[in-house]
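Visitor: Quick one: this structure, given as structure tokens, is what I'll be asking you about.
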Amino acid sequence: MPLKILFCASEATPFAKTGGLADVAASLPEALSAQGCDVRLFLPLYPSVERNTQTIKVVAEWIPIPVGVHTYHVHFWQWLGPSSYPVYFMEKDEFFHRPHLYVHPLRGDYEDNAERFITFSRSIYALCKHLDWIPDILHLHDWQAACGAAYQHFHWRYDAAFSRVRTLLTIHNLAHQGLFPEAYFGLTGLPSQAYSIEGMEFFGQCNFLKAGIAYSDRISTVSPRYAREILEPKQGFGLDGLLRRRQDALIGILNGIDTTRWNPSQDPHIPAFFDAENLSGKGVCKEKVLKALGFPEAVRQSPLCVVVSRLVHQKGIDLILDALDDMMELSVCLAVLGTGDPHLERLLLQAQSRHSDRVRVVLAFDEALAHRLEAGADIFLMPSRYEPCGLNQMYSMRYGTIPIVAATGGLDDSVEDAVQNPEKGNGFKFYEHTKEAFLGALKAALEAYRDSEKWRRLQQRAMREDFSWDRAARTYIALYEAMLVG
Ligand code: ADP
Ligand code: GLC
Numbered sequence: 021m022p023l024k025i026l027f028c029a030s031e032a033t034p035f036a037k038t039g040g041l042a043d044v045a046a047s048l049p050e051a052l053s054a055q056g057c058d059v060r061l062f063l064p065l066y067p068s069v070e071r072n073t074q075t076i077k078v079v080a081e082w083i084p085i086p087v088g089v090h091t092y093h094v095h096f097w098q099w100l101g102p103s104s105y106p107v108y109f110m111e112k113d114e115f116f117h118r119p120h121l122y123v124h125p126l127r128g129d130y131e132d133n134a135e136r137f138i139t140f141s142r143s144i145y146a147l148c149k150h151l152d153w154i155p156d157i158l159h160l161h162d163w164q165a166a167c168g169a170a171y172q173h174f175h176w177r178y179d180a181a182f183s184r185v186r187t188l189l190t191i192h193n194l195a196h197q198g199l200f201p202e203a204y205f206g207l208t209g210l211p212s213q214a215y216s217i218e219g220m221e222f223f224g225q226c227n228f229l230k231a232g233i234a235y236s237d238r239i240s241t242v243s244p245r246y247a248r249e250i251l252e253p254k255q256g257f258g259l260d261g262l263l264r265r266r267q268d269a270l271i272g273i274l275n276g277i278d279t280t281r282w283n284p285s286q287d288p289h290i291p292a293f294f295d296a297e298n299l300s301g302k303g304v305c306k307e308k309v310l311k312a313l314g315f316p317e318a319v320r321q322s323p324l325c326v327v328v329s330r331l332v333h334q335k336g337i338d339l340i341l342d343a344l345d346d347m348m349e350l351s352v353c354l355a356v357l358g359t360g361d362p363h364l365e366r367l368l369l370q371a372q373s374r375h376s377d378r379v380r381v382v383l384a385f386d387e388a389l390a391h392r393l394e395a396g397a398d399i400f401l402m403p404s405r406y407e408p409c410g411l412n413q414m415y416s417m418r419y420g421t422i423p424i425v426a427a428t429g430g431l432d433d434s435v436e437d438a439v440q441n442p443e444k445g446n447g448f449k450f451y452e453h454t455k456e457a458f459l460g461a462l463k464a465a466l467e468a469y470r471d472s473e474k475w476r477r478l479q480q481r482a483m484r485e486d487f488s489w490d491r492a493a494r495t496y497i498a499l500y501e502a503m504l505v506g
């Protein structure tokens, strides 16, 4: 019998995406399914998924889901388009038919996020019952699905069919916890003992991620180093104490990447293909992207540094802004693609006006441009303050774009510093989160760049790294198996 795993997440490509969770929630199931698992994915239905009879069908209607004093009725849909595993959606338009996933661009977090994701989490059980398909493992991702672990612990396991179901919570980013006022606890329908210091109570508030950490059988996070970092107060965001208590249940597994979607030898988004043996197409990609972004002819021979990121404190964008004038002295070009904090967006636009020949800022979420930048750039900048895993440094390496990263979390686990290890290096790291350390790494990278033979070897080493999901999928399978016997 194949292992049965239900992935529950709030986003997954190509259906809905704000960040790396979407990439992982789509491509890890693919790798698990290639290794023989019966894996299925469950998502909320957003307007980004077109309800066209060719690609999606309703499989259950008017399913009652209790949330506080209300009973909401939801519909389940199944994806019929191309996919290597079944994908189901929960439709509740009142909650999910909105242009943004979690946040209103002007008003901040949606006020009903608690109700939205309680409804989603409580639907997990109803979906399985409806499908008459009970998973061995409920694999819950981030706070939006984390309450599923509490429901299994307090409710669902008393149904004989669910008694052997085990729960795994994957934390993609401990900073996002789903924190709500105490009064919202009533919406969960959990017994009062769940609102305790051992449970989901957190300094007088209701913490959904904490419920997941407290009640799931196992906890994973997306790199080994991040799994160690979150045990310390600095990166623990107030949950390090509980995580230390649950340390035996915690494991760090480095994410992989989708090496089909991110493949410079067949990427439909880029103007010329290339690979580690023949990098000439990369020159074409650089030329085209520089031109498309309107960099003047005179600077197009300069090294091109890029950033593709959510523009938030975590990502250290302010460090780049601080270092910008010095970077310009080094004669690099900089292209930034991102959206996020309006203050950072404004500062980036100001930087663009100050250095109009060498800086371009595109404030958009643009998948195709992200691919074109990865393909056309020389250097990728990721000065994150913390980074649970990070995917862009791996996408970059695959496209022969050398990453400069802060030595933290998954960045530290996936990048080998070419200064410390010239024979094996595939990128550059800096070890203190300061402008000086960042500029030091950039200077080291530019020195290597000027030696075209050395740079080529560095690019080839980076491109030949194996970041495919196979290894991680094997580790997840071993973990699922251990959970079922343990
Ligand atoms: P995080 O999930 O913390 O944002 P990751 O590095 O894990 O960071 O993943 C970010 C993902 O989102 C990558 O696939 C990246 O290419 C994508 N991304 C981020 N910002 C943009 C953007 N503005 N346009 C297109 N893709 C973006
Ligand atoms: C989160 C993290 C990022 C990670 C991604 C996928 O968004 O911030 O580091 O790569 O999840 O696991």
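Numbering (the numbering used here), first residue to last: 21 to 506. Just so it is clear, CB atoms sit at the ideal spot from N, CA and C, and this is done for glycine as well. Here the structure is a predicted model, which is why all the values come from computation and not from measurement.
Give the residues whose C-beta lies closer than 7 Å to at least one heavy atom of the ligand GLC, in chain order.
Guide: Qualifying residues, in the order they occur: Gly39, Gly40, Leu41, Asp43, Val44, His192, Asn193, Val242, Asn275, Gln334, Glu407, Pro408, Cys409, Gly410, Leu411, Gly429 and Gly430.
Visitor: Just list the alpha helix (DSSP H) runs in the region 88-163, keeping only unbroken ones of 4 residues or longer that don't cross its boundaries, in chain order.
Guide: Qualifying alpha helix (DSSP H) stretches, in chain order: 113-116 and 133-151.
Visitor: Would you list the residues sitting across from Gly460 in a DSSP beta bridge?
Guide: As a working note, residue 460 is residue 440 in the sequence shown. Answer is none; Gly460 lacks a bridge partner.
Visitor: According to DSSP, is Val328 part of a helix, a strand, or is it coil?
Guide: Translated into positions along the sequence shown, residue 328 becomes position 308. Strand at Val328.
Visitor: Does Ile271 pass the burial test, meaning 16 or more other C-beta atoms within 10 Å, or should it be called exposed?
Guide: Residue 271 sits at position 251 when you count from the first residue of the sequence shown. Classification of Ile271: buried, given that the 10 Å Cβ count is 16 or more.
Visitor: For Asp345, report the span of its alpha helix (DSSP H) as first-last.
Guide: If you number the sequence shown from 1, residue 345 lands on position 325. Ile337 to Glu349 is the span of the alpha helix (DSSP H), which, as asked, contains Asp345.
Visitor: Taking its Cβ as the centre, do 16 or more other Cβ atoms sit within 10 Å of Ser143, making it buried, or is it exposed?
Guide: Mapped onto the sequence shown, residue 143 falls at position 123. So Ser143 ends up on the buried side.
Visitor: Rounding to the nearest angstrom, what Cα-Cα distance links Ala231 and Val439 in this structure?
Guide: On the sequence shown, residue 231 is found 211 positions in, with the first residue counted as 1. On the sequence shown, residue 439 is found 419 positions in, with the first residue counted as 1. Roughly 43 Å between the two C-alpha positions.
Visitor: With burial defined as no fewer than 16 other Cβ atoms inside 10 Å of the residue's Cβ, what is the status of Pro119: buried or exposed?
Guide: For the purposes of this step, residue 119 is taken as residue 99 along the sequence shown, with counting starting at 1. The residue is exposed, with fewer than 16 neighbouring Cβ atoms inside 10 Å.
Visitor: The beta strand (DSSP E) that contains Gly358, what's its start and end?
Guide: Here residue 358 refers to the residue found at position 338 when the sequence shown is read from its first residue. From DSSP, the beta strand (DSSP E) with Gly358 extends over Cys353 to Gly360.
Visitor: Strictly by DSSP, which residues pair up with Gly272?
Guide: As a position in the sequence shown, residue 272 is number 252, starting the count at 1. Note: Gly272 sits in a beta bridge opposite Thr241.
Visitor: Do Gly276 and Ala51 have their C-beta atoms closer together than 8 Å?
Guide: By one-based count along the sequence shown, residue 276 stands at place 256. By one-based count along the sequence shown, residue 51 stands at place 31. Yes; because the gap between Cβ atoms is below 8 Å, this pair is in contact.
Visitor: Have a look at Glu31 and Glu485 and give me their C-alpha separation to the nearest angstrom.
Guide: As a first step, residue 31 is located in the sequence shown; it is residue number 11 there, counting from the start. As a first step, residue 485 is located in the sequence shown; it is residue number 465 there, counting from the start. In a straight line, the C-alpha of Glu31 is about 27 Å away from that of Glu485.
Visitor: Grab me the residues of Val185's own chain with a C-beta within less than 8 Å of its C-beta, minus the 5 sequence neighbours each way, in chain order.
Guide: What you label residue 185 is simply residue 165 of the sequence shown in a count that begins at 1. For Val185, where only same-chain residues beyond five positions count, the Cβ hits under 8 Å are Ile154, Pro155, Asp156, Ile157, Leu158, Gln172, Trp176 and Arg177.
Visitor: If we call anything under 8 Å between Cβ atoms a contact, is Tyr284 one with Tyr419?
Guide: Residue numbering aside, residue 284 sits at position 264 when the sequence shown is read from its first letter. Residue numbering aside, residue 419 sits at position 399 when the sequence shown is read from its first letter. The sequence given here has Pro at residue 284, not Tyr. Yes, the Cβ-Cβ distance between Pro284 and Tyr419 is below 8 Å.
Visitor: Should Ile399 be labelled buried (16 or more other beta-carbon atoms within 10 Å of its own) or exposed?
Guide: What you label residue 399 is simply residue 379 of the sequence shown in a count that begins at 1. Ile399 is buried by the Cβ-count criterion.
Visitor: Tell me which residues share the same chain as Thr33 and place their Cβ nearer than 7 Å to its Cβ, disregarding the 5 neighbours each side in the sequence.
Guide: As a first step, residue 33 is located in the sequence shown; it is residue number 13 there, counting from the start. Ala42, Asp43 and Ala46.
Visitor: Rank His375, Ser236, Ala146 and Gly219 by C-alpha distance to the C-alpha of Asp179 and give the top, closest one.
Guide: Along the sequence shown, read from residue 1 onward, the residue named residue 179 stands at position 159. Checking every option, the nearest Cα to that of Asp179 belongs to Ala146.
Visitor: Is Lys330 a contact residue of the ligand ADP, with contact defined as CB to any heavy atom under 7 Å?
Guide: One-based indexing of the sequence shown puts residue 330 at position 310. Looking at the sequence provided, one finds Arg at residue 330 rather than Lys. Yes, since a heavy atom of the ligand ADP falls inside the 7 Å radius drawn around the Cβ of Arg330.
Visitor: So if DSSP puts Pro86 in a beta bridge, which residue, or which two residues, is it bridged to?
Guide: Stepping through the sequence shown from its first residue, residue 86 is reached at position 66. Paired residues: Thr91.
Visitor: Nearer than 7 Å: is that true of the beta carbon of Thr359 relative to any heavy atom of the ligand ADP?
Guide: As a first step, residue 359 must be located in the sequence shown, where it is residue number 339. Thr359: yes, Cβ under 7 Å from the ligand ADP.
Visitor: Gly101: buried (16+ other C-beta within 10 angstroms of its C-beta) or exposed?
Guide: On the sequence shown, position 81 is the one that residue 101 refers to. Gly101 comes out exposed.
Visitor: Decide yes or no for the touch test of the region 76-84 against the region 92-109: beta carbon pairs closer than 8 Å, at least 3 of them.
Guide: Taking 8 Å as the limit for Cβ pairs, the verdict is that the region 92-109 does touch the region 76-84.
Visitor: Is Gly447 helix, strand or coil when you go by DSSP?
Guide: Numbered from 1 along the sequence shown, position 427 holds the residue referred to as residue 447. DSSP places Gly447 in strand when its eight states are reduced to three.
Visitor: Buried or exposed, going by whether 16 or more other CB atoms sit within 10 Å of the CB of Met21?
Guide: Locating residue 21 in the sequence shown gives position 1, counting from the first residue. Burial call: exposed.
Visitor: Could you tell me if Asn133 is buried or exposed, where buried requires 16 or more neighbouring beta carbons within 10 angstroms of its beta carbon?
Guide: Position 113 of the sequence shown holds residue 133. Asn133 is buried by the Cβ-count criterion.
Visitor: Does the ligand ADP have even one heavy atom less than 7 Å from the beta-carbon of Phe385?
Guide: Indexing the sequence shown from 1 puts residue 385 at position 365. Correct: Phe385 has its Cβ closer than 7 Å to the ligand ADP.
Visitor: Between Phe182 and the rest of its own chain, which residues show a CB-CB distance below 6 Å, the 5 nearest in sequence each way excluded?
Guide: Taking the sequence shown and counting its residues from 1, the one referred to as residue 182 is at position 162. The answer, listed in chain order, is Trp176.
Visitor: In the DSSP output, what is Cys226 paired with across the bridge?
Guide: Reading the sequence shown from its first residue, position 206 is the one you call residue 226. For Cys226, which the question treats as bridged, DSSP gives the partners Phe200 and Glu221.
Visitor: Does the distance between the C-beta of Ala195 and the nearest non-hydrogen atom of the ligand ADP fall short of 7 Å?
Guide: Translated into positions along the sequence shown, residue 195 becomes position 175. Result no, Cβ not under 7 Å from the ligand ADP.
Visitor: The alpha helix (DSSP H) spanning Met417 covers which residue range?
Guide: Here residue 417 is taken as the residue at index 397 of the sequence shown, counted from 1. Per DSSP, Met417 belongs to the alpha helix (DSSP H) from Asn412 to Arg418.
Visitor: Can you confirm whether the region 332-352 touches the region 453-473 when touching is taken to mean that 3 or more C-beta pairs between the two stretches lie within less than 8 Å?
Guide: Touching, yes.
Visitor: Can you give me the Cβ contacts of Asp287 inside the same chain, cut-off strictly under 6 Å, excluding the 5 residues immediately before and after it?
Guide: Reading the sequence shown from its first residue, position 267 is the one you call residue 287. Closer than 6 Å at Cβ, skipping near neighbours: His391.
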